[in-house]
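These notes concern the structure reproduced below.
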Amino acid sequence: MKNKIKVISVVGPTASGKTGLSVELAKLLDGEIISADSMQIYKGMDIATAKPDDAEMQGVPHHLMGFLPPEQTYSVAMFTDDARCLIADITKRNKLPFIVGGTGLYVDALLNNIRFHDEERNEEVSTELRERFQKEGIEPLLEELLQVDPDSAQRLSKERNPKRIIRALEFYKTTGKTITEQLALSRTEESPYKAIKIGLSFSDREKLYDRINKRVDDMLSRGLLEEARQVLSSPLSQTSAMAIGYKELAPYISGEASLDDCVEKLKRETRRYAKRQLTWFRRDKEINWLYVDEYNSFDELFDAAVQIINKG
RNA sequence: GGCGACAUAGCCAAGUGGUAAGGCACGAGUCUGCAAAACUCUGAUGCGGCGGUUCAAAUCCGCCUGUCGCCU
Numbered sequence: 096m097k098n099k100i101k102v103i104s105v106v107g108p109t110a111s112g113k114t115g116l117s118v119e120l121a122k123l124l125d126g127e128i129i130s131a132d133s134m135q136i137y138k139g140m141d142i143a144t145a146k147p148d149d150a151e152m153q154g155v156p157h158h159l160m161g162f163l164p165p166e167q168t169y170s171v172a173m174f175t176d177d178a179r180c181l182i183a184d185i186t187k188r189n190k191l192p193f194i195v196g197g198t199g200l201y202v203d204a205l206l207n208n209i210r211f212h213d214e215e216r217n218e219e220v221s222t223e224l225r226e227r228f229q230k231e232g233i234e235p236l237l238e239e240l241l242q243v244d245p246d247s248a249q250r251l252s253k254e255r256n257p258k259r260i261i262r263a264l265e266f267y268k269t270t271g272k273t274i275t276e277q278l279a280l281s282r283t284e285e286s287p288y289k290a291i292k293i294g295l296s297f298s299d300r301e302k303l304y305d306r307i308n309k310r311v312d313d314m315l316s317r318g319l320l321e322e323a324r325q326v327l328s329s330p331l332s333q334t335s336a337m338a339i340g341y342k343e344l345a346p347y348i349s350g351e352a353s354l355d356d357c358v359e360k361l362k363r364e365t366r367r368y369a370k371r372q373l374t375w376f377r378r379d380k381e382i383n384w385l386y387v388d389e390y391n392s393f394d395e396l397f398d399a400a401v402q403i404i405n406k407g
């Protein structure tokens, strides 16, 4: 067995305390943090994405954070490319790489060494497919997929998720290969990483939801509305436009809804996001879960995390 | 005190005699180039309470309770 590169991953739902824990761990173990967060990558989207400030980072280098203007799009494939380079670089400097973030797809794609096809993404093709979906519905697209790639058509016909069906067709049209073939190819290389995975969760879901609600209030008092006005007034990419925190406040800013209603919506959307994150991470049996509400203090939680790392 | 309206799942809400639509939330799940996204599954032997009419009532009648409005 080859020598694998040791990395630590810290995952969990939003507001579970990933930032605080990972900074302390990185300080102790001479690490650097690679953020695996699809929204913290953007410049100027600081409050809504709970991006740590200099004080919170405590001098620990953070990568892939706040480096992209919101009008630029980003994706898993770009993330895995960027993160691989960073891991190599950090390791070369004899530091320990930490993968920290709540975007499960990014974390898993990186750690499982998923290889994406080196296709040039063809916007025209996907735009055309999306327009066809708008006009004709999903049926014709599903039938077309059945002709070229029966396997994935079969698989996708259960949930009939337009995004995935469109992507499957787009992939075939731009590469001439089926997404089913690509799926198999993407996992052929063994991962070069040996990850110790730490997951933050709560045994009482309500406690997590309380924290989320309070954090939203806190964001508002720190100027979330101003940030929202700013962000919404400039062009957004399809990626950045999905961030939770601005679109929910937009109706208030434009005078179409009350602030209370919008804030309620924002809290609810954040809670639902956290729930989806938990669903995603729960299926990874390699994660060592720490239930934040079962510890009396941060120090106890921290010690438990250190133990997990030492054992691994 | 009088008159009137309303009372259906956690919330909103269809349904005026024939055996409880739908939406949202909650919960569970899916997940390979926009993933803080998109999608799938899931709830009332029950329609404020008690009686009555009827083969049959959430739907008609009476009384009670509650909410809201108007009047004195």
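Heads up, the first sequence stops at 407 in our numbering, and the numbers go up one at a time, no gaps.
Using N, Cα and C, we set each Cβ at its ideal position, and we do this for glycine too.
Margin query: Tell me the DSSP secondary structure of residue 206 in three-state form.
Written below: helix
Item checked: Buried or exposed (CB count within 10 angstroms, at least 16 for buried), residue 294 -> buried
Next item on the list: Check residue 131 in the structure and name its three-state DSSP category.
Entry: coil
Check: Are three or more beta carbon pairs between the segment 190-203 and the segment 354-362 nearer than 8 Å?
Finding: no
Next item on the list: Quick one: residues in its chain with C-beta nearer than 7 Å to the C-beta of residue 198, no 5 flanking neighbours on either side, listed in chain order?
Entry: 131, 132 and 133
Notebook entry, point to check: Taking Cβ positions, are residue 270 and residue 231 nearer each other than 7 Å?
Noted result: no
Note to self: Pairs of beta-carbons, one from the segment 145-159 and one from the segment 209-227, closer than 8 Å: are there three or more?
What the structure shows: Verdict: no, contact absent.
Next item on the list: Go through its chain and collect everything with a Cβ distance to residue 352's Cβ below 6 Å, but skip five positions before and after it.
Entry: Counting only Cβ-Cβ distances below 6 Å, and skipping sequence neighbours, we find 346.
Notebook entry, point to check: Ordered along the chain, which non-local residues of its own chain (more than five positions away) have a Cβ less than 6 Å from that of residue 175?
Noted result: 204 and 205
Notebook entry, point to check: From which residue to which residue does the beta strand (DSSP E) around residue 162 run?
Noted result: Careful: residue 162 lies outside any beta strand (DSSP E) and carries neither H nor E.
Check: Could you give the C-beta distance for residue 365 and residue 144, rounded to a whole number, given that I count them as a contact under 8 Å?
Finding: Going by Cβ atoms, the distance from residue 365 to residue 144 rounds to 11 Å, so no, they are not a contact pair.
Next item on the list: Just mark residue 279 as buried or exposed, buried being the case when its beta carbon has 16 or more other beta carbons within 10 Å.
Entry: Under this definition residue 279 is an exposed residue.
Margin query: Looking at the ligand SAH, does it come within less than 6 Å of residue 150, judged from the CB to the closest heavy atom?
Written below: This structure simply doesn't include the ligand SAH, nor any ligand for that matter.
Notebook entry, point to check: Is residue 322 near residue 142, with beta carbons less than 7 Å apart?
Noted result: yes
Next item on the list: For the beta strand (DSSP E) containing residue 287, list its first residue and its last residue.
Entry: Here residue 287 belongs to no beta strand (DSSP E), and DSSP marks it neither H nor E.
Item checked: Nearest-angstrom beta carbon gap, residue 139 and residue 412 [assumed within contact, 8 Å] -> The question about residue 412 has no answer, for the chain in this structure spans 96 to 407.
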